[in-house]
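These notes concern the structure reproduced below.
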Amino acid sequence: MCLVEQIDKGMDGLSGLRNQISGSANDLEWYRYPAKPHLSSGELRISSLHSFFIQSVVSGFTRIFMKFCDETLSPPILAYAHNYSHGEVEPPHTHQCAQFLHALNGVIRVDTPSASWVVTTNQGLWIPAGISHSLRITGDVRVRTLFVDPMARADLPNTCVLAKVSSLLTSLIVAAVSLPDIRIAGTREERIFELILDELRLLNPIDFYLPNPTTEALVKLCQNVSERLAHPWTASDAAKFLGQSERTISRRFQQELGLTFTEWLRQRRLLHASELLASGDSVLETALAIGYDSPSAFSAMFKSRTGLSPSEYALMAMPSDLS
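Going by the UniProt record's numbering, the sequence shown opens with residue 1, and the numbers climb by one from there.
Okay, here's the thing in C-alpha cells:
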C-alpha cells in the first residue's frame, strides 16, 4: 500500500478531530496536533475547519512532503507557502480541489500521466482537481500554492495550464498567504481572493510541456532515450530500438503524442536542460549532457524555444525579491 493510499484511507478518521475543534475554528491559525499512527511519522497541521496538511518522512527514500486538502473548501481559496530543498520530491497524488502551483524561484518538475511540465521562476501551473501529479524539485525553491474550489468560477481551466504569472497575481498570492482563512463578505481579504479568481481566468498558456506516451512500446523507447540524452539520437535509432520502420515510428508518435520523434526529443532535452541550468550546471556542461557538441548551437536552440539564453534562464531561477 502506498503512502498516499494510507493517508487517503485515514481521512475519515481525522474528521472527528476537526469536529472537536470546530468551536474555536475562528481562532485557529497553525495549531498543531499529533498525527495518527497509520501516517507513519509526521504531524497534522490544521489551518482552518475545512483543510488540513500532512507532513511525513519515508525511511530510506528522499524526504517527502505531502500536502492534502479536504474535499470541502469554504471559502473557495486556500493560500499556502512552502519552501523546498534541492532534490525533494512529492510522489503521485491527487487533490479534490484545483491547485495553482507558483514558483518564486528555482524549478519544479511536475509529472502527470499525460504530460510533464517544468515550472520556473515567475511561472505557475494550474492543475485541475482529481489529476494525479508528482513533483521533483531542482534548487532551493520557494512555492506559493493556491487550492481552489473547482466551482469557484464556471470558466476555470479544466486541463493543466502552464502560464507566466503577472507581477499583480504574484503580489496577490503572496499577500493571500498571510490572510486569515475565515473571511468576511465585503472586506479587503474577500476582494483579494475575488481578484485572484479573476486573474486565474485570464491565464496566458505557455507551450512548454512534454507529452508522455501511454503504449508500452513508446513508454520503453522514451524511457531509454531519456536515460541517454547525450546520445545523438535519430529517428533511425528509434526505429531500430522497436524493430519498426521510421515511417511507422513517425506515425505512432504523431498519433499518440502529437509530435514527431525529433520534436519530442528536442522538447525532452529542453526540459532536462532547464533543470540542469537551474541546479547550477554551466552552459557547456548542460549542452554536453543533452547531446550537443557545440554550446552555441545549444544556446541558439534554447533561446528559440524559451526566449531566454541559457545564462539568462539560470539567473531567472535565482530567488526573487518577494517572500
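Positions of the beta carbon are idealized from the N, C-alpha and C atoms, including for glycine. Computed from a predicted model, the values in this text were never measured in an experiment.
Where residue i sits in the DSSP three-state scheme
| i | result |
| --- | --- |
| alanine 314 | helix |
| phenylalanine 298 | helix |
| valine 141 | strand |
| alanine 289 | helix |
| serine 85 | coil |
| arginine 153 | coil |
| serine 304 | helix |
| leucine 135 | strand |
| alanine 129 | coil |
| alanine 185 | coil |
| alanine 98 | strand |
| alanine 176 | helix |
| serine 250 | helix |
| serine 171 | helix |
| alanine 230 | coil |
| leucine 284 | helix |
Start and end residues, alpha helix (DSSP H) containing residue i
| i | result |
| --- | --- |
| glutamine 223 | 216–227 |
| arginine 269 | 261–278 |
| alanine 235 | 235–242 |
| leucine 210 | Per DSSP, leucine 210 belongs to no alpha helix (DSSP H); it is in the beta strand (DSSP E), 209–211. |
| aspartate 198 | 188–200 |
8 Å contact criterion, which residue i and residue j should meet: CB distance rounded
| i | j | result |
| --- | --- | --- |
| glutamate 150 | alanine 98 | The sequence shown places proline at residue 150, not glutamate. Right, their Cβ atoms sit about 5 Å apart. |
| leucine 162 | isoleucine 127 | Their Cβ separation, rounded to whole angstroms, is 10 Å, which puts leucine 162 and isoleucine 127 out of contact at 8 Å. |
| valine 225 | leucine 265 | 7 Å |
| proline 310 | leucine 257 | So it is not a contact: roughly 26 Å between Cβ atoms. |
| serine 134 | aspartate 111 | 5 Å |
| isoleucine 77 | isoleucine 108 | Going by Cβ atoms, the distance from isoleucine 77 to isoleucine 108 rounds to 20 Å, so no, they are not a contact pair. |
| alanine 317 | glycine 106 | 6 Å |
| alanine 230 | glycine 307 | About 25 Å; that fails the 8 Å criterion. |
| glutamine 123 | isoleucine 206 | 7 Å |
| histidine 82 | aspartate 140 | Their Cβ separation, rounded to whole angstroms, is 12 Å, which puts histidine 82 and aspartate 140 out of contact at 8 Å. |
| phenylalanine 261 | serine 250 | 7 Å |
| leucine 179 | alanine 314 | That belief does not hold up - the Cβ atoms of leucine 179 and alanine 314 are roughly 34 Å apart, past 8 Å. |
Range covered by the beta strand (DSSP E) that runs through residue i
| i | result |
| --- | --- |
| serine 309 | Serine 309 -> no beta strand (DSSP E), and no H or E assigned at all. |
| aspartate 111 | 107–111 |
| valine 119 | 115–119 |
Residues sharing a beta bridge with residue i, DSSP
| i | result |
| --- | --- |
| alanine 103 | Gln123, Val143 |
| lysine 164 | Gln123 |
| alanine 79 | Leu146 |
| serine 245 | BP columns for serine 245 are empty, so no partner. |
| glutamate 90 | Leu135 |
| proline 205 | Ala163 |
Closer than 7 Å to chain B by CB, residue i
| i | result |
| --- | --- |
| phenylalanine 147 | The chain labelled as chain B is not found in the depicted structure, where only one protein chain is given. |
**Message:** Measuring CB atoms only, is the stretch 264–280 touching the stretch 288–300, in the sense that at least three cross pairs come out at less than 8 Å?
**Reply:** yes
**Message:** Within 8 Å, do at least three Cβ pairs link the stretch 235–247 to the stretch 136–153?
**Reply:** no
**Asked** Should the stretch 153–162 be regarded as contacting the stretch 174–193, the criterion being three or more beta carbon pairs within less than 8 Å?
**Response** no
**Request:** Count the C-beta pairs between the stretch 190–199 and the stretch 164–175 that are closer than 8 Å, then say yes if the count reaches three, no if not.
**Result:** yes
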